[in-house]
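Everything below concerns the one structure shown next.
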Amino acid sequence: MSAVHLSWNGPMPGERRRATYLALTTPRRETHAHDAARSRDHRARTPEARGPRDAAAVSPRTALACALGAAALHAALVWTWLHAPAPASKPLVTPPIALEMTAPPEPLPQAPKAASVTPPKPLPQARNAHPPRPRPAPAPTPLSSTPPPPAAAPSPAPADTAVAAPPAAPRAIATPAAEKTTLPDGNADYLRNPAPAYPAIAQDYGWQGKVVLHVHVLANGTPDQVELRSSSGHRVLDDAAVTAVRRWSFVPARRGTTPVDGWVDVPLNFQLD
1 MSAVHLSWNG
11 PMPGERRRAT
21 YLALTTPRRE
31 THAHDAARSR
41 DHRARTPEAR
51 GPRDAAAVSP
61 RTALACALGA
71 AALHAALVWT
81 WLHAPAPASK
91 PLVTPPIALE
101 MTAPPEPLPQ
111 APKAASVTPP
121 KPLPQARNAH
131 PPRPRPAPAP
141 TPLSSTPPPP
151 AAAPSPAPAD
161 TAVAAPPAAP
171 RAIATPAAEK
181 TTLPDGNADY
191 LRNPAPAYPA
201 IAQDYGWQGK
211 VVLHVHVLAN
221 GTPDQVELRS
231 SSGHRVLDDA
241 AVTAVRRWSF
251 VPARRGTTPV
261 DGWVDVPLNF
271 QLD
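Per UniProt numbering, the sequence shown starts with residue 1, numbered consecutively.
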């Protein structure tokens, strides 16, 4: 403790004033117990001066409250996890599959079969009538000078025979002639269909071959389907043939005089001179 210095310039007071002056000017002495108490209070007020054991000291009520709060929080989390609704599973979606259906070629009409004619059964012939019995000869008469002429023998009655007339030959049933069906034609001169272009790469490498296309021609002469039936062995030649035939015009198939849809094979040769 630092001493407090007071100055007095006036005359000295009496004894009372002197005692007061000495009390103010004399440093105060503190006991050891008082110093220890003040030191403990100072440590309690200063967190930096506390030791690790004093800083970690927690009251029992606070520790119990923290434990109960943690247990309640864990119980709530477990209950929420057990009662949470299961996520709805998404249905599997199958991608659609594209299918190409090709109608088979129409069968050619067959000629109607001639109706079978059953000949009538022949009429039964009439049975021959029984011939009449011969009449008995007359009793002999006494001989005379002139013998009587001999009696003429009765001629048997002709049998009444009825012969059935032969059945008339059945008349042939007239059947209409089957309608003739023709295939589509793309080689008519007036159509002027251009030949396929010879690819330049095929000419450079000397590729040649024959392509056969299966073409479906509508009733108006337009090809709507071109299929590769036989390849030339080179993709570029096959593609050139398909591209050219798709632009062609055809004479449609006919059933009698009526245009109908039909299939036809178109061969194309790629040959270098």
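Glycine included, each C-beta is placed from N, C-alpha and C at the ideal position.
Whole angstroms are fine: how far does the CA of A253 sit from the CA of V245?
Computed Cα separation, rounded: 17 Å.
Option nearest G206 by Cα separation, candidates S232, V212 and H214:
S232
Just curious, the beta strand (DSSP E) that D238 is in, first and last residue?
Not the beta strand (DSSP E): D238 falls in the alpha helix (DSSP H), residues R235 to V245.
Suppose you measure from the CA of T258 to the CA of V242; what does that come to, to the nearest Å?
28 Å
Beta carbon of L272, beta carbon of Q203: below 8 Å?
yes
Let me know if A240 comes out buried or exposed under the rule of 16 or more other beta-carbons within 10 Å of its beta-carbon.
Counting every other CB atom within 10 Å of its CB across the protein chains shown gives A240 a total of 16 or more, marking it as buried.
Identify whether L77 lies in helix, strand or coil by the three-state DSSP scheme.
helix
Start and end residues, beta strand (DSSP E) containing D224
P223 to S230
Go to A253, then tell me how far its alpha helix (DSSP H) extends in each direction, as first and last residue.
Run containing A253: none in the alpha helix (DSSP H); it sits in the beta strand (DSSP E), A253 to R255.
Excluding sequence positions up to five away, which residues of its chain have a Cβ less than 8 Å from the Cβ of F250?
P184, D185, G186, L191, V215, V217, G221, T222, P223 and V264
In the DSSP assignment, what residue or residues form a beta bridge with N269?
K210
6 Å CB neighbourhood of S230 in its chain, flanking five on each side removed:
V212
Within this structure, are the beta carbons of P199 and V236 separated by less than 8 Å?
yes
Leaving out the 5 sequence neighbours to the left and right, which residues in its chain are closer than 8 Å to M101 when beta-carbon positions are compared?
Here M101 scores only 38 on pLDDT, less than 50, and its place in the model should not be relied on; the value that follows carries that caveat. In its chain, beyond the 5 residues on either side, no residue has a beta carbon closer than 8 Å to the beta carbon of M101.
Name, in chain order, the residues that DSSP records as bridge partners for H216.
According to DSSP, H216 bridges with Q225 and W263.
Would you mind giving the Cβ-Cβ distance between A219 and D261, rounded to the nearest angstrom? I have them listed as a contact below 8 Å.
6 Å
DSSP state of A19, grouped into three classes?
helix
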